[in-house]
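To start, the structure under review is shown below, and the notes come after it.
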Amino acid sequence: MRTPICDFVEDYQNRKCSRLHMPGHKGHVFLGCEPKDITEVQGADVLHAAEGIIRESQQNAAMLFNTGHTFYSTEGSSLCIKVMIDALLQRAKRTGRWQRTMRPTILAARNVHRAMIDACALLDVDIIFLRGEDSHLCTAVVSPQRLRQTLQELCGNVIGVYITSPDYLGNIQDISGLSGVCREYDLPLAVDNAHGAYLNFLQEPLHPMQLGADICCDSAHKTLPVLTGGAYLHIAKQVS
18 MRTPICDFVE
28 DYQNRKCSRL
38 HMPGHKGHVF
48 LGCEPKDITE
58 VQGADVLHAA
68 EGIIRESQQN
78 AAMLFNTGHT
88 FYSTEGSSLC
98 IKVMIDALLQ
108 RAKRTGRWQR
118 TMRPTILAAR
128 NVHRAMIDAC
138 ALLDVDIIFL
148 RGEDSHLCTA
158 VVSPQRLRQT
168 LQELCGNVIG
178 VYITSPDYLG
188 NIQDISGLSG
198 VCREYDLPLA
208 VDNAHGAYLN
218 FLQEPLHPMQ
228 LGADICCDSA
238 HKTLPVLTGG
248 AYLHIAKQVS
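So in the numbering used here, spot 192 of the sequence shown is number 209, and the numbers just go up one at a time.
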């Protein structure tokens, strides 16, 4: 597998050309990494409209994680979480799941990151918090049975289900079971997998994309060799 971004930066460094662009250190070595620190020079591609080396690298990541699409974020999972909430809303609009006479609602475990709350406030989406299992009240573990019961009792504009797994104490939700319930109700399952990017590389399938999640985010900078702020937004093949 090619490494297009690393290859480009290495080639740019070896050319030793005059750097008439930011950053201000101009590639002069102080810490040792400066020659590799560049900006959007010709050929370096643009993250928000990737058509070159970044796009190729993202396609490589999608192959690595076995997803339909994988996108890079430089603002951590916080940005990816906000995109996930908007994606659930846009899907509901396209499929007719959202009746505009009622407010859109997301079912979520109580241990959500504040970025999820911010996104729902910005997009005017209501949240119904799912009750955790009695044995896991502090960590908000939700069983498939609890989710099914809640969906049976609800009527209205539920546009998706959102959980955090692994949580901040390392507990992993029953994503396979929860995704099965979501399929029954034609609802997408979004997973904040910020602390579990490494799960894709274990022998046992534990990554949300391996267990049936429709969309999830990984804070690659937390558990993989990635610079601070680096994160992935994964979209499953069945959604793509």
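Quick reminder that beta carbons are idealized off the backbone N, C-alpha and C, glycines included.
Under 8 Å by Cβ, that's how I've got residue i and residue j pegged, so tell me the actual separation to the nearest angstrom.
{"i": "A125", "j": "I144", "result": "5 Å"}
{"i": "V208", "j": "I189", "result": "That pair is no contact at about 10 Å."}
{"i": "A230", "j": "L206", "result": "5 Å"}
{"i": "G213", "j": "T91", "result": "That pair is no contact at about 20 Å."}
{"i": "I232", "j": "A211", "result": "No, I232 and A211 are not in contact; Cβ-Cβ is about 14 Å, not under 8 Å."}
{"i": "R120", "j": "N174", "result": "6 Å"}
{"i": "T56", "j": "H45", "result": "Going by Cβ atoms, the distance from T56 to H45 rounds to 16 Å, so no, they are not a contact pair."}
{"i": "L250", "j": "V100", "result": "6 Å"}
{"i": "Y215", "j": "T240", "result": "4 Å"}
{"i": "G187", "j": "P161", "result": "About 20 Å; that fails the 8 Å criterion."}
{"i": "I98", "j": "A136", "result": "6 Å"}
Would you list the residues sitting across from residue i in a DSSP beta bridge?
{"i": "F88", "result": "L250"}
{"i": "G177", "result": "I123"}
{"i": "D143", "result": "T122"}
{"i": "C234", "result": "D209 and L250"}
Would residue i be called buried (16 or more neighbouring beta carbons within 10 Å of its own) or exposed?
{"i": "S35", "result": "exposed"}
{"i": "P242", "result": "exposed"}
{"i": "G177", "result": "buried"}
{"i": "M226", "result": "buried"}
{"i": "A66", "result": "exposed"}
{"i": "L48", "result": "exposed"}
{"i": "I43", "result": "In the sequence under discussion, the amino acid at residue 43 is Lys, which differs from the Ile named in the question. Flag for K43 reads exposed."}
{"i": "H238", "result": "buried"}
{"i": "A109", "result": "buried"}
{"i": "G93", "result": "buried"}
{"i": "D141", "result": "exposed"}
{"i": "S152", "result": "exposed"}
{"i": "N260", "result": "The shown model of the chain, from 18 to 257, leaves out residue 260, and the question about it has no answer."}
{"i": "V58", "result": "exposed"}
{"i": "T112", "result": "exposed"}
{"i": "L228", "result": "buried"}
{"i": "L171", "result": "exposed"}
{"i": "L164", "result": "buried"}
For residue i, tell me which candidate among the options has the shortest Cα-Cα distance.
{"i": "M1", "options": "A109, D24 and L105", "result": "As displayed, the chain neither begins before 18 nor continues past 257, which places residue 1 out of reach and without an answer."}
{"i": "N217", "options": "A248, C199, F82 and E73", "result": "F82"}
{"i": "T167", "options": "C199, Q59 and L96", "result": "C199"}
{"i": "D24", "options": "G49, I71 and L37", "result": "I71"}
{"i": "C234", "options": "I102, L171 and K110", "result": "I102"}
{"i": "K53", "options": "C137, V129, L219 and E27", "result": "E27"}
{"i": "E201", "options": "Q169, G60 and Y215", "result": "Q169"}
{"i": "S196", "options": "S236, G187 and V256", "result": "V256"}
{"i": "Y185", "options": "R165, L171 and V129", "result": "V129"}
{"i": "E51", "options": "E68, Y29 and V63", "result": "Y29"}
{"i": "S236", "options": "L96, D62, P40 and G60", "result": "L96"}
With respect to 6 Å, is the separation between the Cβ of residue i and the closest non-hydrogen atom of the ligand FAD below this value?
{"i": "V178", "result": "In terms of ligand content, the structure shown is empty, and the ligand FAD therefore cannot be addressed."}
Margin query: Check whether the region 173-186 and the region 143-161 are in contact - that is, three or more C-beta pairs closer than 8 Å.
Written below: yes
Notebook entry, point to check: Counting Cβ pairs closer than 8 Å, one from the region 78-96 and one from the region 145-152, do we hit at least three?
Noted result: no
Check: Is the number of C-beta pairs between the region 20-37 and the region 63-80 that are closer than 8 Å three or more?
Finding: yes
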